[in-house]
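Asker: When the count follows this note's numbering, it moves up by one through the sequence shown with no breaks and lands on 166 for the last residue.
The C-beta atom is built at its ideal place from N, Cα and C for all residues, glycine as well.
Right, I'll just put the structure down here and ask away after.
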Amino acid sequence: MQRKLVISTFMLFMILGFSGLSYASGCYTKSEAEAEQGIRIHSELMVIGLNCSHLMSAKGENLYVKYRQWTKQHEDIFSGYEDTLMFYFSRNGEKAPEDRLNTLRTNFANKISLEAAKMRPDVFCQHYGARIERASGLDDRQIRDWASTFYASHPVSNPICTR
């Protein structure tokens, strides 16, 4: 009887443990979710910069040039986000993690490009253009805080792990 209880308990832990692993393998850690959000933000700002390159920032700079300067200034953050996501994709069996990352970036860019297509260019730029100026004023910590704030309107691709 005692032995059956031990074996039953062991089997229960094995089942629960393996089912937890299968869930955990598909979910994001907080840092992975932050990385995806950071890549989304970066991709969206690129599209805004390209679509609104004719506009000038308050300092008279082309918005796409301003976006590129911001990217260069914070390249360590974004390359770290890319590494985090490629590791996640590899860990979850993706054979070409860089291709998967590029697809993710393309999907984010396409989403905001559809917004741009629904609006006149001047309206789109009036609505979204200031984001580049605001982003340019952020330091690394503020960018990470922005990327780690999750909104229902911008969900991440995978659930966030609960343990």
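#1: Do you know how far the Cα of leucine 141 is from the Cα of threonine 87?
#2: By how many angstroms is the C-alpha of isoleucine 146 removed from the C-alpha of methionine 122?
#3: Within the same chain, show all residues whose beta-carbon is closer than 6 Å to that of phenylalanine 153, passing over the 5 residues directly before and after it, in chain order.
#4: Return helix, strand or coil for histidine 57, following the three-state DSSP convention.
#5: Given a threshold of 16 other Cβ atoms within 10 Å of its Cβ, counted over all protein chains shown, does arginine 43 qualify as buried or as exposed?
#6: Do you know how far the Cα of phenylalanine 92 is from the Cα of lysine 32?
#7: Suppose the cutoff is 6 Å on Cβ atoms and the five residues either side in sequence are ignored; what does the same chain contact list for asparagine 65 look like?
#8: Would you report the Cα separation of phenylalanine 127 and isoleucine 135, rounded to the nearest angstrom?
#9: Three-state secondary structure (DSSP) at histidine 77?
Answerer: On the basis of the coordinates in this document:
#1: 22 Å
#2: 28 Å
#3: none
#4: coil
#5: buried
#6: In the sequence as presented, lysine is not what sits at residue 32; that position holds threonine. So the alpha carbons of these two residues sit roughly 13 Å apart.
#7: Ser56
#8: Their Cα atoms are separated by approximately 13 Å.
#9: Histidine 77 falls in the coil class under three-state DSSP.
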